[in-house]
Amino acid sequence: MSSENHNATFEKLVQPHFDRLYRLAFRLTGRKAEAEDLFQELLIKAYGKLDDLVAIDEPGSWLSRVMYNLFIDERRRFARQRMHTVEEGFLPGDGLEGFAGTDNPEADQQRYDKLKKLDDALQQLSDDHRIIVLLHDTEGYKLDEIHKLIDIPVGTVKSRLHRARARLREILTTSGTFS
Amino acid sequence: MHTSDNADYSDKRDQEVLELLKDYPMADASAGFYDQALARATHEGSRRQRNRWVMTGFGSAIAAGLVLWLVGGFFLTTPNLPEPDASIPGVAMTLEEPRTINLMFASATAMDGATLTVTLPDGIELAGFPGQREITWETSLVEGKNYLPLELIALTPVGGEVLARLEHDNRDRTFRLRIEVS
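Structure representation (structure tokens):
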């Protein structure tokens, strides 16, 4: 295959999944800069495995799994170190980078305050619980999709989801988020 | 977005949590990011494939060269130049230009009364502490990730190593950071 054909085939296979993959990257990392890095890393890895990609029935699912594994590998590498330096764009902000206001500043402020408390509560969950609740309840993934993505039994996905929700409810109730 | 199965949010409070989660925002990727990412992937992917070919094609030549170098090493001496330790993370700074370095460390539990000591090499100062080589303060840690911004300034072009030592309950961990100044 010529280099141009190679690139065109690659583009055709991956491009339809860009939005969903970026959303996954953002939900996994919680930061735009990290999400873009993870997305980039995935594309480079996938390009080197184009022969595999061509033969796969569901490239979107395959790409998602590769992205998840890249994220886990990176997290393990990170965990092995005891301290790290963190670039400016990778610092935790308020976690609400994508918050978009409306023409009602008062309502926006109330909504922002609630989302900020949700964000704080999400940060108190373990990574595993946070990822599952965000993928299921925010992104609309089905239990079976999460099971395939992170390679744990559906029953485990369900129980983690249940525990994550219960913990969120508890934290948000304690913080007075609900009237 | 939808929740298609096992919604299991039965009472009002659960519904409120779900509504909040559905509203949890997402930052869009930067403008033009997808195109740039695709271009980088094809460029980098092609480069790696070429490198693989070159490594395969010239592997034996490299091996032969390595043998010659090893043999030659017994007879030739090279000056002992100090090599920077690649295992230590490094940051580049510009002379007399303050730069904030963010240290991150994870704590399994929240803890009060941890002590942090930052030791600086000659020529590097921490903003607000002119002339001090060692600064110690008490801090509280939260469970999970803790971030410590250090605003440093290089006053000479020498550089060196910054040490950050965290102590709590007779346990400690030290972080080393190599500073290069240009």
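Those protein sequence lines, which keep their order, are chains Z and A. The first sequence begins at 0 in numbering that gives the first Met the number 0 and counts up one residue at a time. The second sequence begins at 0 in numbering that gives the first Met the number 0 and counts up one residue at a time. Glycine residues also receive a C-beta, built at the ideal position from the N, C-alpha and C atoms.
Chain A contact residues for residue i, given Cβ-Cβ distances below 8 angstroms
| i | result |
| --- | --- |
| GLN39 of chain Z | ALA36, ARG39, ALA40 |
| VAL53 of chain Z | Those within 8 angstroms of VAL53 of chain Z in chain A number zero; the least Cβ separation is about 14 angstroms. |
Environment of residue i [buried if 16+ CB atoms lie within 10 Å]
| i | result |
| --- | --- |
| ASP150 of chain Z | exposed |
| LEU134 of chain Z | buried |
| LEU176 of chain A | buried |
| GLY175 of chain Z | exposed |
| VAL141 of chain A | exposed |
| LYS11 of chain A | exposed |
| SER139 of chain A | exposed |
| SER63 of chain Z | buried |
| ALA163 of chain A | buried |
| HIS128 of chain Z | buried |
| GLU3 of chain Z | exposed |
| ARG22 of chain Z | buried |
Chain-ordered chain Z contacts of residue i [CB-CB under 9 angstroms]
| i | result |
| --- | --- |
| ASP13 of chain A | ARG164, ARG168 |
| ASP22 of chain A | ARG110, LYS113, LEU114, LEU117, THR137 |
9 angstroms Cβ cutoff, residue i in contact with chain Z
| i | result |
| --- | --- |
| ILE123 of chain A | no |
| ASN101 of chain A | yes |
| ALA28 of chain A | yes |
| VAL90 of chain A | yes |
| LEU140 of chain A | no |
| GLY72 of chain A | With a pLDDT of 44 at GLY72 of chain A, under the threshold of 50, the modelled position of this residue cannot be trusted; read the value that follows with caution. Chain Z contact via Cβ: absent. |
| LEU19 of chain A | yes |
7 angstroms Cβ cut-off: residues of chain Z touching residue i
| i | result |
| --- | --- |
| PHE32 of chain A | GLU35 |
| MET25 of chain A | ARG22, PHE25, GLY97 |
| LEU16 of chain A | Looking at the sequence provided, one finds Val at residue 16 of chain A rather than Leu. ARG164, LEU167, ARG168, LEU171, listed in chain order. |
| LEU176 of chain A | THR84 |
| LEU151 of chain A | In chain order: nothing, as chain Z lies at least about 11 angstroms away. |
Chain A within 9 angstroms of residue i, Cβ atoms only
| i | result |
| --- | --- |
| ALA99 of chain Z | yes |
| VAL65 of chain Z | no |
| ASP118 of chain Z | yes |
| SER2 of chain Z | yes |
| THR84 of chain Z | yes |
| LEU121 of chain Z | yes |
| THR213 of chain Z | The structure shown does not extend to residue 213 of chain Z, since chain Z is modelled only from 0 through 178, so no value can be given for it. |
| ILE43 of chain Z | yes |
| LEU133 of chain Z | yes |
Residue i: contacting residues in chain A (beta-carbon distance under 9 angstroms)
| i | result |
| --- | --- |
| ILE145 of chain Z | Correct list: empty, because the minimum Cβ distance to chain A is about 11 angstroms. |
Interface flag, residue i vs chain D, CB-CB below 9 angstroms
| i | result |
| --- | --- |
| ASP168 of chain A | Absent from the structure: chain D. Protein chains present are Z and A. |
Mind listing which residues of the stretch 104-115 of chain Z have their C-beta closer than 8 angstroms to chain A's C-betas, in chain order? ARG110, LYS113, LEU114
For the stretch 6-30 of chain Z, which residues have a CB atom closer than 7 angstroms to at least one CB atom of chain A, in sequence order? ASN6, PHE9, GLU10, PHE17, TYR21, ARG22, PHE25
Between the stretch 7-22 of chain Z and the stretch 49-56 of chain Z, do at least 3 Cβ pairs fall closer than 8 angstroms? yes
If contact is defined by three or more beta carbon pairs under 8 angstroms, each pair taking one atom from either stretch, is the stretch 144-154 of chain A in contact with the stretch 113-133 of chain A? yes
Counting pairs of Cβ atoms below 8 angstroms between the stretch 108-115 of chain Z and the stretch 15-29 of chain A, do you hit three or more? yes
How do the stretch 139-153 of chain Z and the stretch 27-38 of chain Z stand: do at least 3 beta-carbon pairs fall below 8 angstroms, yes or no? no
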